[in-house]
Amino acid sequence: MFDEGGVQRCIVVAMLSRSQERLLRHLGTFPDALSQAWDVPRALSLPGLSDAMGVVRSGLNQPLTALIDAQYITVRVAHVIGGGSRRRQVYHITETGRAWLTDHVLESSSEPTTVVSERGETEVRLIGRAAELNSLSELIEQHQRAVVSGLSGVGKTTLLRAWVAQRSGSVRWATMNEFSDATSLVSAWCTDGTQHPTDDEAVIEWLVVQNPSVLVVDDVHLLDSRHEQQVIDLLNGLHGRGLTVVLSGRLPLPDSLEWPVLQLGTLSVEDGQRLLGEHLETDVRMNVAKALDGHPMALHLYSEGDKLPEAGEDIQAFVEQTMLNGLSDNGLNALDRMVLFPRPLPSDLAMGDAPIDELDDRALLRWSSSGDNVEVQHLVRNVRRTMLSDERLHALHEQAAAHWASHIEVPAYAVLHLYHHLALDSEAFPALIEERFERLVAEQSGALAVVYDRATQRRPDREELHYWAGRIALHRQEVDRIRHHMDHVETESMRNELAYGLALLEGNSDEAERLLEAQLDQASDVQACRWLVSAAVQRLDDRLFDEPHEGKLDDVRGLLQRIRLPEQVEMRASVTVSITLIQHTLALLERNRDQMEALVQSLESLSHNDDPIVLHARLKTHLAFDIGSSNDRETLYKRAVSAQPSSFHEALVGLTYAEHLHRANDPAASPVHAALPPPTDWPEPGTPHHRYAARWWYLNGHLNPAVAAASLREAARWFRQAGCLKAARSAARKLHRVL
Numbered sequence: 007m008f009d010e011g012g013v014q015r016c017i018v019v020a021m022l023s024r025s026q027e028r029l030l031r032h033l034g035t036f037p038d039a040l041s042q043a044w045d046v047p048r049a050l051s052l053p054g055l056s057d058a059m060g061v062v063r064s065g066l067n068q069p070l071t072a073l074i075d076a077q078y079i080t081v082r083v084a085h086v087i088g089g090g091s092r093r094r095q096v097y098h099i100t101e102t103g104r105a106w107l108t109d110h111v112l113e114s115s116s117e118p119t120t121v122v123s124e125r126g127e128t129e130v131r132l133i134g135r136a137a138e139l140n141s142l143s144e145l146i147e148q149h150q151r152a153v154v155s156g157l158s159g160v161g162k163t164t165l166l167r168a169w170v171a172q173r174s175g176s177v178r179w180a181t182m183n184e185f186s187d188a189t190s191l192v193s194a195w196c197t198d199g200t201q202h203p204t205d206d207e208a209v210i211e212w213l214v215v216q217n218p219s220v221l222v223v224d225d226v227h228l229l230d231s232r233h234e235q236q237v238i239d240l241l242n243g244l245h246g247r248g249l250t251v252v253l254s255g256r257l258p259l260p261d262s263l264e265w266p267v268l269q270l271g272t273l274s275v276e277d278g279q280r281l282l283g284e285h286l287e288t289d290v291r292m293n294v295a296k297a298l299d300g301h302p303m304a305l306h307l308y309s310e311g312d313k314l315p316e317a318g319e320d321i322q323a324f325v326e327q328t329m330l331n332g333l334s335d336n337g338l339n340a341l342d343r344m345v346l347f348p349r350p351l352p353s354d355l356a357m358g359d360a361p362i363d364e365l366d367d368r369a370l371l372r373w374s375s376s377g378d379n380v381e382v383q384h385l386v387r388n389v390r391r392t393m394l395s396d397e398r399l400h401a402l403h404e405q406a407a408a409h410w411a412s413h414i415e416v417p418a419y420a421v422l423h424l425y426h427h428l429a430l431d432s433e434a435f436p437a438l439i440e441e442r443f444e445r446l447v448a449e450q451s452g453a454l455a456v457v458y459d460r461a462t463q464r465r466p467d468r469e470e471l472h473y474w475a476g477r478i479a480l481h482r483q484e485v486d487r488i489r490h491h492m493d494h495v496e497t498e499s500m501r502n503e504l505a506y507g508l509a510l511l512e513g514n515s516d517e518a519e520r521l522l523e524a525q526l527d528q529a530s531d532v533q534a535c536r537w538l539v540s541a542a543v544q545r546l547d548d549r550l551f552d553e554p555h556e557g558k559l560d561d562v563r564g565l566l567q568r569i570r571l572p573e574q575v576e577m578r579a580s581v582t583v584s585i586t587l588i589q590h591t592l593a594l595l596e597r598n599r600d601q602m603e604a605l606v607q608s609l610e611s612l613s614h615n616d617d618p619i620v621l622h623a624r625l626k627t628h629l630a631f632d633i634g635s636s637n638d639r640e641t642l643y644k645r646a647v648s649a650q651p652s653s654f655h656e657a658l659v660g661l662t663y664a665e666h667l668h669r670a671n672d673p674a675a676s677p678v679h680a681a682l683p684p685p686t687d688w689p690e691p692g693t694p695h696h697r698y699a700a701r702w703w704y705l706n707g708h709l710n711p712a713v714a715a716a717s718l719r720e721a722a723r724w725f726r727q728a729g730c731l732k733a734a735r736s737a738a739r740k741l742h743r744v745l
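Position 483 of the sequence shown, counted from 1, bears residue number 489 in the working numbering, the numbering being contiguous throughout.
Here you go:
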């Protein structure tokens with residue numbers, strides 16, 4: 007090489023060991039800007055480097071120190087993201103280090119296997135798994151489905167990620183937990199914000215259109231029996247439609263999962279010793295790997311000086327010793343709190359000031375791919391749970407219940423509050439759900455179903471538990487489970503409520519009518535008024551916007567005539583407005599323009615010209631009879647939207663307008679519909695929101711032919727949820743024509 011004056015100079019290039027070179031090349035994939043950043047990814051910390059290298063953390067100390075001494079890398083303290091909020095040491099490549107990489111082109115190597123993604127980035131480093139990786143590829147190529155199974159901590163997820171990294175195309179990954187159901191599985195696959203259906207068959211139709219190259223489900227063994235059949239049916243259905251689906255989980259797997267299995271064993275002693283790094287002598291590494299039977303997680307937990315299991319002892323004995331050896335009292339308490347997690351949780355929120363750094367430094371924690379959520383390594387969790395006494399478990403559940411009680415405004419954490427109260431067999435458990443049920447079941451029905459299924463198994467004689475479990479099953483449209491829980495409810499009012507919902511789901515109008523009358527007989531005037539108004543609205547809304555109404559309008563008038571206006575002034579006014587709006591819809595269905603306009607004027611007399619209800623009713627009248635020009639109607643639409651009291655009411659007006667535009671073959675229907683909030687934007691439950699979801703999906707099926715089948719299935723599902731059985735059947739008929 008030459009300097010600027012043309013004088014030759016010699017540069018001494020340090021010889022790097024294999025582990026030093028691997029570290030340097032890995033750090034070279036990160037931009038220089040991170041060396042000055044306030045926040046840096048976990049991948050630049052010792053735990054992250056250990057994950058990337060596939061080597062225990064203690065095995066990296068020597069090569070990192072050598073690279074620092076050679077000035078190829080630097081070390082500093084920074085705030086680490088994607089691994090809890092903490093400051094810790096992070097490593098950066100220097101200009102000298104990059105110069106070395108430039109001068110040393112990467113040569114091919116044998117073991118360990120480096121699996122590279124289609125983007126050319128190192129994704130997973132495998133040691134001793136080349137044969138298993140090939141076997142998995144062959145199994146999937148032959149069957150288009152497979153399960154990677156084996157002991158906890160044996161490397162199932164690592165192997166699966168390595169196989170995924172070799173793939174091109176779209177790969178959707180989901181990791182299961184104790185609360186997972188089919189809906190949460192699909193949500194994990196679809197993280198791009200795209201609105202997806204929830205009906206089982208609709209989900210399959212929708213995912214087929216998305217055409218991912220692979221669907222992955224990790225930790226399938228955590229699937230609760232409450233949702234087992236639904237999830238297995240979904241996975242089989244997706245495979246049956248030609249999608250490649252790959253699972254991983256430890257034994258025993260769900261009984262109904264009869265898929266080809268790749269059984270993953272431990273590593274050979276020769277391969278296992280390579281996880282320990284080069285700072286130990288070869289014979290020491292071999293002895294450790296032999297004592298730990300080549301178990302990857304046990305090897306990762308090993309620290310120099312740890313007592314190894316004696317002959318005949320199993321990995322559990324080693325894990326017990328390793329976990330307890332050197333952990334502070336605070337660290338052990340934090341570990342015990344975390345082994346109760348039913349799913350990965352945000353570290354800061356779940357643990358507060360608990361010292362989880364100590365647990366992370368000892369490789370006891372497992373972070374989500376996003377780095378936001380954390381849980382205890384499953385092998386460690388399983389072993390530690392067996393070590394806790396009943397008294398200790400009770401105290402931990404009490405502590406957790408008290409902690410989550412301050413976060414119950416968030417549905418996901420309110421369910422955790424219930425989960426721990428169930429474990430305590432708390433007498434207050436049934437009452438905890440009542441005030442928050444509607445919101446919780448809308449956002450957390452899968453988790454609630456698991457919690458209440460366990461509650462009814464524990465206390466099968468408690469009818470109130472079966473009542474709430476039945477309500478959850480009603481929301482999820484699980485007919486057999488509704489019947490099961492009804493059989494354990496004796497109180498007439500609660501049983502009739504479940505039976506009425508079941509009759510609506512099954513389209514048994516005679517039974518629904520009988521049960522409605524039974525409830526009216528037992529109701530107060532105010533309750534009866536609400537039931538009658540609700541029944542009238544349900545019958546009027548049981549229709550599709552582009553088909554004539556099939557119901558008997560005189561029956562609706564009969565319901566209105568039975569309403570006794572309440573004596574309370576405010577409630578009386580509210581009921582009067584509701585009756586007027588029902589009459590307005592009756593006039594619309596009978597094409598009676600004069601009556602519609604008269605009713606709008608009546609509403610205006612009760613309020614004012616710019617009242618949101620008045621404007622929406624006037625808009626419906628103008629749209630029904632094409633009053634004025636299209637520009638006039640658009641102006642009225644915008645005026646009505648701007649006057650609404652909430653985003654949900656704005657969306658209802660927008661949906662009415664979009665339906666009108668589609669009926670008129672106006673291409674503006676698509677952008678208006680696209681601008682509407684999707685149904686999942688409304689955590690509030692209730693029939694109005696169910697009807698909005700049904701109408702939104704039904705119109706989506708008309709405007710987006712590629713997903714028409716999935717959209718119509720989902721529309722039918724939400725029409726059933728709203729009790730609109732005629733509309734559900736009509737949507738199903740259109741679905742058959744599409745298919």
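Think of the CB as a built atom: it goes at the ideal place given N, C-alpha and C, for glycine as much as any other residue. Remember, predicted model here, so these are calculated numbers, not experimental data.
Judged by their CB atoms, W179 and V192 are not nearer to each other than the 9 angstroms cut-off. Contact check for R31 and L112: beta-carbon distance about 7 angstroms, within the 8 angstroms limit, so the pair qualifies.
In terms of CA proximity to V223, T163 leads the group E553, T163 and D205. Proximity to H696 across L257, N710, V421 and Q544 peaks at Q544, based on C-alpha coordinates. The continuous beta strand (DSSP E) containing S254 extends over residues V251 to R256. Cβ-Cβ distances below 6 angstroms link R701 to L661 in the same chain, with the five nearest sequence neighbours on each side left out; the list follows chain order. Judged by beta-carbon spacing, S155 lies within the 9 angstroms limit of L270, meaning their Cβ atoms are closer than that value. Counting along the chain, W179 sits inside the beta strand (DSSP E) bounded by residues V177 to T181. A distance of 9 angstroms or more separates the beta carbons of V380 and R391. A direct Cα-to-Cα measurement between S41 and L351 gives close to 29 angstroms. Ranked by Cα distance from L546, the first of E517, G507, P258 and L592 is L592.
Proximity to I478 across L52, S736, R232 and V575 peaks at R232, based on C-alpha coordinates. Per the C-alpha coordinates, the member of L165, L741, L333 and E147 positioned closest to A136 is L165. Annotated as proximal: H426 and A406, with beta-carbon spacing under 9 angstroms.
The C-alpha of P683 is placed about 23 angstroms away from the C-alpha of E415. In the displayed model, Q574 falls within coil according to three-state DSSP, outside both helix and strand.
Looking from the CA of D335, the closest CA among P53, P361, K740 and D431 belongs to P361. Assignment of alpha helix (DSSP H) within the region 348 to 374, counting only whole runs of 4 or more residues, yields 353 to 357 and 362 to 367 in chain order. The continuous beta strand (DSSP E) containing Q269 extends over residues V267 to L270.
The shortest C-alpha to C-alpha distance from A455 to any of L394, E441, I488 and V294 is the one to I488. If you draw a straight line from the Cα of R92 to the Cα of V447, it comes to about 35 angstroms. Exclusion of the five residues before and after V678 leaves G660, Y663, A664 and L667 as the residues of its chain whose Cβ lies within less than 8 angstroms of its Cβ. In summary, N331 is exposed, with fewer than 16 beta-carbon neighbours lying within 10 Å of its beta-carbon over all protein chains present. In this structure, the beta-carbon distance from A716 to P203 falls below 9 angstroms. Cβ-Cβ distances below 8 angstroms link F443 to W474 and R477 in the same chain, with the five nearest sequence neighbours on each side left out; the list follows chain order. Of the candidates P218, D205, R151 and V214, P218 places its Cα closest to the Cα of S174.
Using a Cβ distance threshold of 9 angstroms, A733 and E720 do not count as a contacting pair. Residue environment for G103: buried (at least 16 other C-beta atoms within 10 angstroms of its C-beta).
Secondary structure remark: continuous alpha helix (DSSP H) runs of at least 4 residues inside the region 581 to 642, in chain order: 599 to 612 and 618 to 630. As the crow flies, the alpha-carbon of V220 is around 20 angstroms from that of H227. Excluding its 5 nearest sequence neighbours in each direction, S262 has C-beta neighbours in its own chain below 8 angstroms: E234, Q235 and I238, listed in chain order. Judged by DSSP secondary structure, T80 falls within the beta strand (DSSP E) whose first and last residues are I79 to I87. Taking 4 residues as the minimum length, the alpha helix (DSSP H) runs contained wholly in the region 442 to 481 are 443 to 449, 451 to 464 and 469 to 481, in order along the chain. Linking G248 to D600 through their CA atoms gives a straight-line distance of about 56 angstroms. T250 counts as buried, since no fewer than 16 other beta carbons sit within 10 angstroms of its beta carbon. In the displayed model, G156 falls within a strand according to three-state DSSP.
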